[in-house]
Amino acid sequence: MSLSTKQLKRVLDKDEWDLMARTRSHAIGDVPDADLRDLASGLRGRRDKARDIARRQRREIRGKVAPQGAAAASDDSGTKAKADALTVALKRVGAEQTRRAEKLRQPSQRSLARKAMAMKMRKEALKRPATRTPDEGMQPIVNRRAAPSGALEHAGQHPAMQRAKFAR
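Numbering (our numbering) for the sequence shown: 1 to 168.
In structure tokens, the structure reads:
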């Protein structure tokens with residue numbers, strides 16, 4: 001379940017809110033790579049701390065461990081919400097790092113154009129044999145068993161004219 005900005009500000013402290021704000025979609029694209037790594041490590045440390053505190057609070061609620069403070073914890077929902085919010089921010093940073101790595105692996109337009117030009121030059125360098133004539137199109141193959149041209153016209157036309165009862 002995602003939290004609203006108002007709920008996030010209530011759950012996170014000032015430093016954590018500043019880290020979280022840098023991971024928002026409009027701001028994360030402007031963060032340099034080195035700062036992105038630092039941001040991820042800072043978020044990871046704070047998330048781990050919040051997760052550990054939430055685990056300790058759950059153990060206090062169950063009575064498995066002595067209370068850390070004056071009284072035993074009665075609820076861990078705030079600390080759990082903090083850990084969840086920091087986890088979501090950490091996932092956004094990881095996704096941005098993956099996106100940037102994929103972008104670096106893609107070939108540039110310049111290298112693709114050079115590759116296409118090299119392929120074109122190689123194709124032009126290959127000489128076709130003189131026996132091929134691509135500009136003349138297909139060459140007919142004469143059927144030697146067929147009757148000479150015009151020999152069957154009258155014989156083929158005669159039955160059609162008789163069926164129609166008039167000349168075409």
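From the three backbone atoms N, C-alpha and C, an ideal C-beta is built for every residue, glycine too.
Please list the terminal residues of the continuous alpha helix (DSSP H) segment that includes residue i.
| i | result |
| --- | --- |
| L42 | A small correction: the amino acid at residue 42 is Gly; Leu does not occupy that position in the sequence shown. Residues D33 to R62. |
| M20 | K14 to R22 |
| Q7 | T5 to V11 |
| S25 | S25 to I28 |
Decide if residue i is buried, meaning its Cβ has at least 16 other Cβ atoms within 10 Å, or exposed.
| i | result |
| --- | --- |
| R22 | buried |
| Q57 | buried |
| I28 | buried |
| A146 | exposed |
| L126 | exposed |
In whole angstroms, what is the alpha-carbon distance linking residue i and residue j?
| i | j | result |
| --- | --- | --- |
| A73 | R10 | 19 Å |
| M138 | R144 | 19 Å |
| G78 | I61 | 14 Å |
| R114 | E96 | 30 Å |
| A66 | S2 | 32 Å |
| H26 | A116 | 36 Å |
| K49 | M20 | 16 Å |
| E102 | D18 | 27 Å |
| R122 | L104 | 28 Å |
| R24 | G94 | 13 Å |
| V88 | R37 | 16 Å |
| S111 | A118 | 11 Å |
| Q162 | E136 | 43 Å |
Could you tell me which of the options sits nearest to residue i, measuring between CA atoms?
| i | options | result |
| --- | --- | --- |
| K6 | R44, A81 and R58 | A81 |
| D75 | I141, V65, R59 and L90 | R59 |
| R92 | A40, D18 and W17 | A40 |
| K14 | R46, L36, K123 and D35 | R46 |
| E16 | L43, L36, A164 and G94 | L43 |
| R51 | A85, P107, D33 and G69 | A85 |
| D33 | T98, Q68 and A71 | T98 |
Suppose only complete runs of 3+ residues qualify. What are the beta strand (DSSP E) ranges in the segment 78 to 127, listed by chain order? Those beta strand (DSSP E) runs which fall completely within the segment 78 to 127 and span 3+ residues do not exist here.
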